[in-house]
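2 protein chains.
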Amino acid sequence: MVHAPGEEERVTHVDEAALERLRTRLQTYMVEKGLRSTAQRRLIIDTFFEGAPHMTIEELLQQVRGVDRGIGYATVYRTLKLLAECGVASERRFGDGLSRYELADDASSHHDHLICLSCGKIIEFEEPQIEALQDAIAEKYGFLVTSHKHEMYGECADCQRTKKSAASEGADGMRDGA
Amino acid sequence: MVHAPGEEERVTHVDEAALERLRTRLQTYMVEKGLRSTAQRRLIIDTFFEGAPHMTIEELLQQVRGVDRGIGYATVYRTLKLLAECGVASERRFGDGLSRYELADDASSHHDHLICLSCGKIIEFEEPQIEALQDAIAEKYGFLVTSHKHEMYGECADCQRTKKSAASEGADGMRDGA
DNA sequence: GTAACTGCAAAATCTTTGCAGTTCA
DNA sequence: TGAACTGCAAAGATTTTGCAGTTAC
């Protein structure tokens with residue numbers, strides 16, 4: 072769980088029932104398509120379900136390699152692609168060039184992101200009024216929305232604080248530095 | 072201008088005064104940093120300022136090569152990076168793995184995007200109420216927002232219509248074809 | 001038994017960088 | 001003149017793919 076230390080933890084209370092639903096969906100999909108359950112897949116999938124909310128491929132790989140040293144990039148890529156295909160996971164990119172995956176919105180509720188460009192922290196938020204306005208806009212354009220992405224980039228409270236105290240350390244009793 | 076044919080064209084009325092401001096900002100930045108104005112840069116920059124709203128690097132390169140066959144990828148990349156550095160352009164990624172650039176928000180007004188996954192069309196929209204809600208959320212988390220991204224993915228009105236008529240063609244007496 | 005899966009390494013993309021020659025100021 | 005710029009090609013980074021061997025069903 073990578074959440075803002077001082078912040079109350081919003082939104083990421085994963086709903087157990089929804090998690091079960093996702094696992095069932097995956098199960099069904101795999102049976103339908105004649106896909107197999109291998110040790111590697113189980114490990115990757117479990118790690119993904121239980122791990123931090125916005126893991127990169129790299130992070131996930133490192134984590135599964137902690138259990139099974141021999142797992143390769145390709146298997147992780149292929150497995151996450153499988154999860155995305157059946158709607159259990161969504162791929163997200165936050166502009167740092169890395170792909171991250173998160174559980175589909177059924178499990179954690181509908182949410183969007185605040186991303187700190189200083190420390191990389193990702194905070195989730197939820198705002199029903201924004202969702203409502205979005206729907207209105209889509210309707211106005213006759214657009215059928217299947218997914219959306221709403222991200223705000225900037226500096227989190229902690230980093231602002233750190234920067235400010237670093238600045239005042241620099242000299243003496245002066246005020247805020249630019 | 073890549074806009075929905077039937078749609079009223081929103082937002083992309085570029086404000087000439089703002090455009091001038093951006094050119095001035097660029098000019099100032101280049102002088103400050105001791106950067107030079109070369110024929111290639113001028114061509115790329117003009118093409119970018121006058122071209123379609125969300126060009127990819129590839130598209131921009133093709134367009135400038137129409138004028139000067141010898142321009143290389145690296146120069147386009149470097150020039151757009153320069154524009155982004157001085158706040159004249161912003162890089163955007165819409166999930167197809169390509170970088171696109173658009174003029175900074177000073178020129179066209181604050182806006183966000185509807186992206187059609189069927190035909191790739193990008194529609195811009197503007198919704199002050201959403202901006203206001205965003206600000207409220209950022210404040211709640213003590214977050215200092217420097218930029219944001221709000222995208223809705225789905226199927227545009229045209230593509231829905233096309234798909235529907237394709238479906239009814241399959242059967243009997245259908246109506247309008249796209 | 002066989003079709004799906006795995007790991008590896010090679011390939012494919014997109015973007016950045018190093019270099020030698022060119023050009024703006 | 002000389003630092004900045006350009007084009008090319010090589011290098012990087014991330015993701016995908018081909019293949020030969022392995023394994024689930």
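Here the protein sequences line up with chains A and B, keeping their order. Note that the first sequence covers residues 72 to 249 in this note's numbering. Note that the second sequence covers residues 72 to 249 in this note's numbering. For glycine and all other residues, C-beta sits at the position ideal for the given N, C-alpha and C.
Under 8 Å between the Cβ atoms of residue i and residue j?
i: Y172/A; j: M101/A; result: no
i: L169/B; j: F120/B; result: no
i: G143/A; j: L131/A; result: no
i: H14/A; j: H221/B; result: Any property of residue 14/A remains undetermined from this structure, which presents chain A solely from 72 to 249.
i: R164/B; j: R164/A; result: yes
Output needed for residue i: all residues of its chain with C-beta closer than 7 Å, excluding positions within five of it in sequence on either side, in chain order.
i: L38/A; result: Missing from the structure shown is residue 38/A; chain A here goes from 72 to 249 and no further.
i: Y37/B; result: Residue 37/B is absent from the model: chain B starts at 72 and stops at 249.
i: R158/B; result: It should be pointed out that residue 158/B corresponds to Gly in this sequence rather than to Arg. These residues qualify, in order along the chain: R96, A175.
i: H181/B; result: E197, E202
i: H219/A; result: Q205
i: K104/B; result: none
Helix, strand or coil for residue i per DSSP?
i: F196/A; result: strand
i: S218/A; result: strand
i: A123/A; result: coil
i: A209/B; result: helix
i: R136/A; result: helix
i: E173/B; result: strand
i: L188/B; result: coil
i: S236/A; result: helix
i: D183/B; result: strand
i: R96/B; result: helix
i: R163/B; result: strand
i: H74/B; result: Low local confidence applies: a pLDDT of 42 at H74/B is under 50, so the model's placement there is unreliable, and no value is given.
i: V147/B; result: helix
i: E79/B; result: Its pLDDT being 38, under 50, E79/B is placed unreliably by the model, and the measurement read from it follows with that caveat. Of the three classes helix, strand and coil, the one that applies to E79/B here is coil, per DSSP.
Taking 8 Å as the limit between beta carbons, can you name the residues of its chain near residue i, skipping five residues before and five after?
i: I116/A; result: L97, T150, L154
i: V45/A; result: Because chain A spans 72 through 249 in this model, residue 45/A falls outside it and cannot be assessed.
i: A160/A; result: F119, L151, L154, Y172, E173, L174, A175
i: C190/A; result: C227, D229, C230
i: S108/A; result: M101
i: D167/A; result: G191
i: E156/B; result: Y100
i: L106/B; result: Y100, L153
Near residue i, what residues of its chain come up, given a Cβ to Cβ distance below 6 Å and the 5 sequence neighbours on each side ignored?
i: K152/B; result: none
i: Q111/B; result: I142, T146
i: V216/A; result: A209
i: G213/B; result: none
At least three beta-carbon pairs within less than 8 Å, the region 223–236 of chain B to the region 227–235 of chain A: Below 8 Å, too few C-beta pairs join the region 223–236 of chain B and the region 227–235 of chain A to call them touching: fewer than three.
Indicate whether the contact test is met: 3 or more Cβ pairs, each with one atom in the region 206–216 of chain B and one in the region 189–206 of chain A, closer than 8 Å. yes
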